[in-house]
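Down below is the structure, laid out as structure tokens.
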Amino acid sequence: MATGEAPDFDRLAGEYDRLRPADAAWQGVLETIWAEGDLAGRRVLDVGCGTGLFAAELARRGAKVWGVDPSAEMLAEARRRAGPSVGLKQGRAEALPFRDGWFERAVLRLVVHLVDRPRALPEVRRVLAPGGRAVVATFRPEHFERIWLARFFPSLTEVDRARFPEPAALAVELERAGFASVRTVEVSQPSSVARDEALERLRGRYISTLWLLPEDEYLAGLARAELELAPETPYSLEWSIVVASV
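Residue numbers 404 to 649, in my numbering, belong to the letters of the sequence shown in order.
Shown next as structure tokens:
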């Protein structure tokens, strides 16, 4: 799996938030990022802002937020949601369309596995002012063994462990990009998903990995889930929130 391999997010934009709603787990990660990033009142760049859901909430709380994303359709959704409260630009993390030192904070939530990190992380460092801070939210390796999808899709764990950097490796990459004082906060979120909701998510391929699996594996896994899913399935989200200073 090549670094930065991702599906076509343009075709996912219209259904993205319906299949990945801002639930209690989403809110919990936001609270951690908000606190660890010290985002209140800051000039913040949301890298890979997608539909703008996260950026709009940061702006509502008082941050001065810009979002950047390579997908035109995702940005169209973000403009409808955020209106004038968030500045939006189309662009890639590997070539951010902002001048040096323009931001106090940068947030990358479930983004680092989708970008070319040797190019993207120095760009994030470039646009941060002295004293700035980057907050990277990603999944720990054990997440991929515990997620409820793993038993239906045999190669999912292997694919995602190759895509998502381990926290220690990510810390090294951030240091090489010019960051200092890198630290990691681990967050575990017990949760559950109802059968109908789980099937709706699977049918919509709600995570990017499902678009990267062989089509026969995806269809076989979906058919098995339709037969075997319980009325309620418990699982756990295992996060690493990596904070790096300039």
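Cβ atoms here follow ideal geometry from the backbone N, Cα and C, with glycine treated the same way.
Taking the alpha-carbon positions, what's the residue i to residue j distance?
i           : j           : result
residue 563 : residue 486 : 34 Å
residue 640 : residue 550 : 7 Å
residue 438 : residue 425 : 18 Å
residue 555 : residue 630 : 11 Å
residue 434 : residue 638 : 21 Å
residue 531 : residue 577 : 13 Å
residue 553 : residue 559 : 6 Å
residue 618 : residue 624 : 10 Å
residue 648 : residue 448 : 15 Å
residue 459 : residue 470 : 9 Å
Can you give me the Cβ contacts of residue i inside the same chain, cut-off strictly under 8 Å, excluding the 5 residues immediately before and after it?
i           : result
residue 436 : 442, 510, 512, 538, 540, 644
residue 595 : 635, 636, 637, 638
residue 620 : 556, 557, 558
With distances taken from CA atoms, which of the options is nearest residue i?
i           : options            : result
residue 535 : 604, 452, 585      : 585
residue 582 : 588, 590, 573      : 573
residue 622 : 557, 457, 496      : 557
residue 444 : 465, 455, 470, 522 : 465
residue 627 : 649, 598, 642, 614 : 598
Please report the residue range of the beta strand (DSSP E) in which residue i lies.
i           : result
residue 647 : 635–648
Cβ of residue i less than 7 Å from any chain B Cβ?
i           : result
residue 458 : Absence of chain B from the displayed structure is noted, only one protein chain being present.
Among the residues of its own chain, which have a CB less than 7 Å from the CB of residue i, if the five just before and after it don't count?
i           : result
residue 418 : 607
residue 407 : Because the pLDDT of residue 407 is 44, which lies under 50, any placement of that residue in the model is unreliable, and the number read from its coordinates should be weighed accordingly. Counting only Cβ-Cβ distances below 7 Å, and skipping sequence neighbours, we find 517, 518, 519.
Can you list, in chain order, the residues of its chain whose CB lies under 6 Å from that of residue i, leaving out five sequence neighbours each side?
i           : result
residue 646 : 439, 538, 586
residue 405 : Any reading at residue 405 is ruled out, since the residue's pLDDT is 39, under 50, leaving its predicted position unreliable.
residue 477 : 412, 416, 453, 454
residue 527 : 509, 537
So the alpha helix (DSSP H) residue i belongs to, where does it begin and stop?
i           : result
residue 572 : 570–579
residue 623 : 618–631
residue 547 : 546–549
Which ranges would you report for the beta strand (DSSP E) in the region 451–476 if only whole runs of at least 3 residues count?
-> Taking 3 residues as the shortest admissible run, the region 451–476 contains the following complete beta strand (DSSP E) segments, listed from N- to C-terminal end: 467–472.
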